[in-house]
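Novice: As given, the protein sequences belong to chains A and B, one line each in that order. 6 is the number of the first residue of the first sequence in my numbering; add one for each residue after it. 23 is the number of the first residue of the second sequence in my numbering; add one for each residue after it. Ideal Cβ positions, reconstructed from N, Cα and C, are used throughout, including at glycine.
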Amino acid sequence: MVSTISRLPVLILLLVSMAAWAQTARQWLPLAKDGIHDPRNPALRLLQEPAAALSRLPADGAGNQVNWVHALERGVINPRTNILPETQVMVIDVDIYLNLRGGTPIVRFPHRAHTMWLDCTNCHQQLFASKAGANKLSMEAMLKGEQCGVCHGAVAFPLTECARCHNTPRNQPLPVGAIRGS
Amino acid sequence: MTSGLFKRRTLIGMGNGVKRSVVLALVGLTLLAAPAEAEYGDVVLNKLSEKNGVRPVVFPHWFHRVRFRCKVCHSELGFKMRAGANHVTMADITNGKFCGMCHNGQIAWGANQCDLCHSGKRGLKSGIYGGHQTSGPGQW
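The following block contains the structure:
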């Protein structure tokens with residue numbers, strides 16, 4: 006068995022090495038060499054190369070190598086929120102603290118960072134019931150592409166970025182009024 | 023290769039401690055592997071294309087999310103968040119559904135630009151592809 010004490014240094018080492026990795030220059034493969042585009046397609050040159058668009062956005066070490074939260078919050082991009090005029094666009098700023106009983110750092114789930122991009126119905130009620138503590142979350146399910154892993158590992162930053170979710174130290178008190186979730 | 027050895031299923035049924043060390047080992051391996059692949063979040067749609075004599079479709083998330091938030095496609099337009107879960111046909115698109123909600127010559131160029139969408143290599147399976155430092159979504 007790996008105890009909490011012996012696991013932590015390993016985790017820290019990994020996080021440091023990931024951070025070091027993130028410092029290296031960002032590179033994107035050209036479409037013709039990415040393994041999924043047909044290089045003989047005459048229209049290929051009309052498509053935008055990932056490097057042309059993504060190199061201008063705030064850097065990150067994984068996924069698209071773009072910190073999409075910063076890109077949006079800092080106004081570097083302003084993607085449309087709706088195309089139908091009658092659509093209700095809703096953003097809420099409520100943090101929920103998850104993984105309160107585990108050994109790894111606590112997970113602060115930010116509704117704001119999510120609802121800037123997503124609609125409530127993308128998560129509630131299919132993926133998560135909208136009641137703090139009502140869901141049975143598991144890292145294992147996420148690694149299989151469920152729960153948080155529906156998006157994280159597919160389109161949003163991947164699950165290798167442990168510290169972006171496990172973002173709250175366990176040995177300090179949570180803020181006053183913190184909502185304790187699952 | 024590495025991801026093949028550590029099929030996700032092997033994570034199930036192990037003790038907690040073992041499970042955690044496997045998780046940690048996997049992180050180490052993905053860091054070393056750094057596979058050269060499609061851009062993170064690219065989706066291939068090939069349920070009908072190749073059978074009907076055209077190249078598979080490549081849908082780039084990175085390109086669209088610069089212009090539209092997820093909620094536009096996954097809530098307003100009703101795209102299900104599961105690769106392969108949407109039954110998209112060319113007739114739907116020309117009738118203004120799915121990609122055709124935007125690729126109609128108004129919000130974006132129209133459905134006559136076949137090669138811009140049908141740009142994939144032959145033989146590709148439908149699904150979500152690629153990723154910097156990941157062996158692909160679902161396998162993070």
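If contact means a Cβ-Cβ distance below 9 Å, which residues of the segment 110 to 141 of chain B contact chain A?
Specialist: Hits within the stretch, in order: Met-123, Cys-124, Ile-129, Gln-135, Cys-136, Asp-137, Leu-138, His-140, Ser-141.
Novice: Please confirm if Lys-29/B has its CB atom under 8 Å from at least one CB of chain A.
Specialist: Because the pLDDT of Lys-29/B is 32, which lies under 50, any placement of that residue in the model is unreliable, and the question is left without a value.
Novice: Specify the secondary structure class of Arg-77/B as computed by DSSP and reduced to three states.
Specialist: It is coil, neither helix nor strand.
Novice: Can you check DSSP and say which residues form a bridge with Pro-82/B?
Specialist: Per DSSP, Asp-64/B.
Novice: What first and last residue would you give for the alpha helix (DSSP H) that runs through Asp-43/A?
Specialist: Taken as a continuous stretch (DSSP letters only), Asp-43/A belongs to no alpha helix (DSSP H), as it is neither H nor E.
Novice: Please report whether the beta-carbon of Ser-143/A lies at a distance below 8 Å from any beta-carbon of chain B.
Specialist: Not one chain B Cβ lies under 8 Å of Ser-143/A.
Novice: Using a C-beta to C-beta distance shorter than 8 Å, which residues of chain A count as neighbours of Leu-146/B?
Specialist: Result: Ile-41.
Novice: If you measure beta-carbon to beta-carbon, which residues of the segment 37 to 66 of chain A are closer than 7 Å to chain B?
Specialist: Those residues of the segment 37 to 66 of chain A that come within reach of chain B (Cβ to Cβ, closer than 7 Å) are Asp-39, Gly-40, Ile-41, His-42, Asp-43, Asn-46, Pro-47, Ala-48, Leu-49, Leu-51, Leu-52, Gln-53, Pro-55, Ala-58, Leu-59.
Novice: Taking only beta-carbon atoms, is Lys-93/B less than 8 Å away from chain A?
Specialist: Cβ-Cβ to chain A under 8 Å: yes for Lys-93/B.
Novice: Residues of chain A with a CB under 9 Å from the CB of Phe-149/B: which are they?
Specialist: Checking the sequence shown, residue 149/B turns out to be Gly, not Phe. Going along chain A, no residue has its Cβ under 9 Å from Gly-149/B, so there is no contact; the nearest lies around 10 Å.
Novice: Would you tell me roughly how many angstroms separate the C-alpha atoms of Gly-132/B and Asp-100/A, rounded to the nearest one?
Specialist: Spanning the two alpha carbons is a distance of roughly 41 Å.
Novice: My parser needs the beta strand (DSSP E) runs of 3 or more residues fully inside the segment 82 to 130 of chain A; what are they?
Specialist: Fully enclosed beta strand (DSSP E) runs of 3 or longer: 100 to 103, 112 to 115.
Novice: Using only the alpha-carbon positions, how far apart do Leu-36/A and Ala-161/A sit?
Specialist: Cα to Cα, Leu-36/A sits roughly 21 Å from Ala-161/A.
Novice: Using a Cβ-Cβ cut-off of 8 Å, state whether Glu-98/B counts as contacting chain A.
Specialist: So, interface residue.
Novice: Express the C-alpha separation of Met-123/B and Arg-50/A in angstroms, rounding to a whole number.
Specialist: Near 25 Å, if we compare the C-alpha coordinates of Met-123/B and Arg-50/A.
Novice: Cβ of Leu-62/A within 8 Å of Cβ of Val-71/A?
Specialist: Yes, these two residues count as a Cβ contact at 8 Å.
Novice: Under 8 Å, do Ala-107/B and Gly-149/B count as touching if we go by C-beta distance?
Specialist: The answer is no: Cβ separation not under 8 Å.
Novice: For Glu-72/B, decide whether its Cβ has a neighbour in chain A, counting only Cβ atoms nearer than 8 Å.
Specialist: No, because no Cβ of chain A sits closer than 8 Å to the Cβ of Glu-72/B.
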